[in-house]
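Working notes, structure below.
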Amino acid sequence: MNNFKWLFFIILVIFGTNIYANEAKGYKIILASYPKFDQAKKTMNLLGQKLTKKDWSIQKKYRYEIVARPSGKVFIVAIEPLRTKEAVNSVLIRFKKFYPNAYYSGYFGPTKGGIFLIHPSTAKITKDISTREENFTPPNPPEKSVSKWGWAAAILGLVAIGIFLKRMRKTSRSTINTFQEKIEKKVEIIPKEADREIKADIFDTLKKNRFFMLLINELIDASNRREEQQCHDLIQEMRRYEKKFLTSRIITDMEELINAKKFTQLSELITLEREKS
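All letters in the sequence shown, in the order written, are residues 293 to 569 by our numbering.
Here's what the structure looks like:
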């Protein structure tokens with residue numbers, strides 16, 4: 293029985309490593325959002341005219357892109373991807389002079405249908421992001437320190453399986469088959485949960501619960517009144533619904549805005565997510 297537990301644990305480590313690699317790939321800074329794409333493009337191009345040599349040197353240093361792209365039902369002007377919090381803080385301070393309400397959140401990869409701001413010296417301000425989608429690699433991507441642990445876990449898994457098979461030769465074939473079936477069913481759950489997180493945020497499912505929507509409405513009222521403690525309390529209530537599912541990226545973004553006391557952006561984010569169908 294102890295061998296069963298160890299083998300199952302090692303398999304969970306291997307698959308858990310792969311899921312971790314699919315989490316946020318860094319950070320993005322959202323400068324502004326608009327209901328129409330033309331508005332976002334115009335804002336980005338106007339921003340390009342304001343940037344100084346120092347601004348362009350900062351972009352070269354941190355290897356990010358300034359992009360206008362769709363995000364849900366709106367269109368944003370964003371800076372992405374940024375690898376570290378140090379880079380986020382440095383760039384955010386620089387661009388606050390243009391967009392005082394700019395804020396950052398997680399970056400999960402490129403989005404089709406957007407355009408990049410290119411240095412004016414190229415005589416081409418924008419470039420279709422979709423032409424770069426298939427071969428896109430985030431500039432200076434974070435090192436996946438988990439990869440070496442993934443290989444170590446895989447090797448340990450193979451060793452454990454070898455020991456397990458050697459000992460299990462003494463048991464009946466029916467016992468082996470039953471055990472393998474249980475392992476396969478449990479392991480299948482992990483990639484399915486990862487796929488579900490990629491396809492949709494659990495926040496959209498929780499909105500169908502009328503009690504959860506009451507919390508959303510109370511949160512936007514508390515945000516408008518700038519009542520920080522009440523906002524924290526309401527987020528914790530939301531987390532109770534979330535515990536039965538995967539972690540909601542949207543709720544996490546809301547909590548970060550509360551911690552930063554950015555109540556205006558919080559109200560905008562809640563309104564946007566609340567009105568999504």
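Cβ atoms here follow ideal geometry from the backbone N, Cα and C, with glycine treated the same way.
Ala-492 lies in the beta strand (DSSP E); which residues open and close that run? Ala-492 -> no beta strand (DSSP E), and no H or E assigned at all.
Count the C-beta pairs between the region 318 to 337 and the region 350 to 362 that are closer than 8 angstroms, then say yes if the count reaches three, no if not. yes
Here's the rule: buried if 16 or more other CB atoms are within 10 angstroms of the residue's CB, otherwise exposed. What is Ala-492? exposed
Would you kindly check if the distance between the Cβ of Ile-512 and the Cβ of Ile-570 is under 7 angstroms? With the chain represented from 293 up to 569, any question about residue 570 goes unanswered, as that position is not in the structure.
Measuring straight from C-alpha to C-alpha, what distance separates Ile-481 and Gln-528? Since pLDDT at Ile-481 reaches only 49, below the 50 mark, its modelled position is unreliable, and no value is offered.
Where does Arg-517 sit, in a helix, a strand or coil, going by DSSP? coil
Run through the region 351 to 414 for me and flag every whole beta strand (DSSP E) of 3 or more residues, listed as ranges in chain order. 357 to 363, 366 to 374, 395 to 399 and 407 to 409
Just how far apart, CA to CA, sit Glu-548 and Lys-458? 51 angstroms
From the DSSP output, in three-state form, read off Ser-540 for me. coil
Based on the DSSP output, what are the partners of Ser-325 in its beta bridges? Ile-368
Who are the near neighbours of Ala-370 in its chain, counting only those whose CB is closer than 6 angstroms to its CB and skipping five residues on each side? Lys-320, Ile-322 and Val-359
Which residues in the same chain as Arg-386 place their Cβ atom closer than 7 angstroms to its Cβ, once the five residues preceding and following it in sequence are excluded? Asp-347 and Ile-350
Please name the residue in Lys-365, Tyr-354 and Glu-519 whose C-alpha comes closest to that of Lys-568. Lys-365
Quick one, which of Pro-373, Ile-410 and Tyr-395 has its alpha-carbon nearest Gln-341's? Ile-410
Rounded C-alpha distance that separates Ser-382 from Leu-526: 31 angstroms
Is Ser-559 helix, strand or coil when you go by DSSP? helix
Are Ala-379 and Tyr-354 closer than 7 angstroms when you measure CB to CB? yes
Using three-state DSSP, classify Lys-554 as helix, strand or coil. coil
Can you tell me which residues form a DSSP beta bridge with Gly-318? Tyr-399
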